[in-house]
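Read through the structure below, which is laid out as structure tokens, and then see the notes.
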Amino acid sequence: MGLYCGESFDLYLEDGKSIPCRIELSNQWYLLLGRYGVKFNLEPKEVYKINI
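Going by UniProt numbering, 30 is the number at position 30 of the sequence shown; the sequence numbering is gapless.
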């Protein structure tokens, strides 16, 4: 299963809380977090826990 530009899901933080976000692609994949759309660049070799 893959993700596509514009898809929304929850990203889990280390403390177990989650943040709603949307995935986008420019030169690299990034997330727009929360209601303010803060940009978070994804690291290619990092693993992220999400809920779709």
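All C-beta atoms in this analysis are idealised placements derived from N, C-alpha and C, irrespective of residue type, glycine included.
>> Our contact map puts Cys21 next to Leu13 with C-beta atoms below 8 Å; I'd like the distance itself, whole angstroms only.
In response: For the purposes of this step, residue 21 is identified with residue 21 of the sequence shown, where counting begins at 1. For the purposes of this step, residue 13 is identified with residue 13 of the sequence shown, where counting begins at 1. The pair is not a contact, with the Cβ atoms about 11 Å apart (cut-off 8 Å).
> Distance, Cα to Cα, Tyr4 vs Ile50?
Replying inline: Position 4 of the sequence shown, counting from 1, holds the residue named residue 4. Position 50 of the sequence shown, counting from 1, holds the residue named residue 50. Taking the CA atoms as reference points, Tyr4 sits about 14 Å from Ile50.
> Roughly how many angstroms separate the alpha carbons of Glu7 and Lys39, rounded to a whole number?
Replying inline: Sequence index remark: in the sequence shown, residue 7 carries index 7 (1-based). Sequence index remark: in the sequence shown, residue 39 carries index 39 (1-based). Approximately 15 Å between the Cα atoms of the pair.
>> Just to check my reading of the structure: Lys11 and Tyr48 have Cβ atoms closer than 8 Å, yes? What is that Cβ distance to the nearest angstrom?
In response: Looking up residue 11 in the sequence shown gives position 11. Looking up residue 48 in the sequence shown gives position 48. Inspection of the sequence shows that residue 11 is occupied by Leu rather than by Lys. So it is a contact: roughly 6 Å between Cβ atoms.
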